[in-house]
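Below is one structure; the comments refer to it alone.
Chains as they are written, first to last, in the working numbering: chain A, 197 to 286; chain B, 213 to 318.
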């Protein structure tokens, strides 16, 4: 079951990457990064159980925090500079 | 009893996997940014908590259980906040949702 979940998580991360490349506006890419980060947390936790290494859960915990802070940091930057103009980038 | 727990964790993780796939397809195929944000936020939080609950059932040592509970707490607290910040930033930046197929007068 753990391997099935690992494969599903990797598939979901690929889909998030596709959205990151395709995303018209900047915020789609930030959304894809957020989804990717949350799935990484789950992947590390599941891999910890898969390889029987409970220390992975600490890494997953830290990664959950860093992912949140990075998304908030990126948004603070993009909040005012990248207005509706993002549409005409494509 | 042990068999029941492993079956329950398998079912939880299977449900989490299905929700993960639906969330990812939703993020990929929805037309508008705010639809994608909704799809990502909803299934992302529920699928993560289902999978983490499935892992909790598998964990024997109480230390592992505590770490998993902390991870679940962090994800449940940070994911909605990040989605809210994302929507606020997008709205303030002027990204308008496309109301093309809204029915008038509703």
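For each residue, glycine too, the CB sits at the ideal point set by N, CA and C.
In this structure, how does DSSP classify residue 300 (chain B) when only helix, strand and coil are distinguished?
helix
Taking 8 Å as the threshold (beta carbon to beta carbon), is residue 261 (chain B) in contact with chain A?
no
Would residue 301 (chain B) and residue 275 (chain A) be called neighbours here (beta carbons separated by less than 8 Å)?
yes
On the three-pair Cβ rule with 8 Å, is the stretch 255-274 of chain B touching the stretch 285-304 of chain B?
yes
Let me see if you follow: with CB-CB separation under 8 Å, is residue 204 (chain A) close to chain B or not?
yes
Reduced DSSP category for residue 216 (chain B) - H, G, I as helix; E, B as strand; rest coil:
helix
Would DSSP call residue 273 (chain B) helix, strand or coil?
coil
Leaving out five residues on either side along the sequence, give the residues of the same chain with a beta carbon under 8 Å from the beta carbon of residue 277 (chain B).
268 and 271
Quick one: complete alpha helix (DSSP H) runs, 4+ long, within the stretch 240-274 of chain B?
245-270
For the stretch 241-251 of chain B and the stretch 197-206 of chain A, state whether three or more C-beta atom pairs, one from each stretch, are separated by less than 8 Å.
no
Would you say residue 263 (chain A) and residue 233 (chain A) are within 8 Å of each other, going by their C-beta atoms?
yes
Cβ neighbour criterion (16 or more within 10 Å) applied to residue 218 (chain B)
exposed
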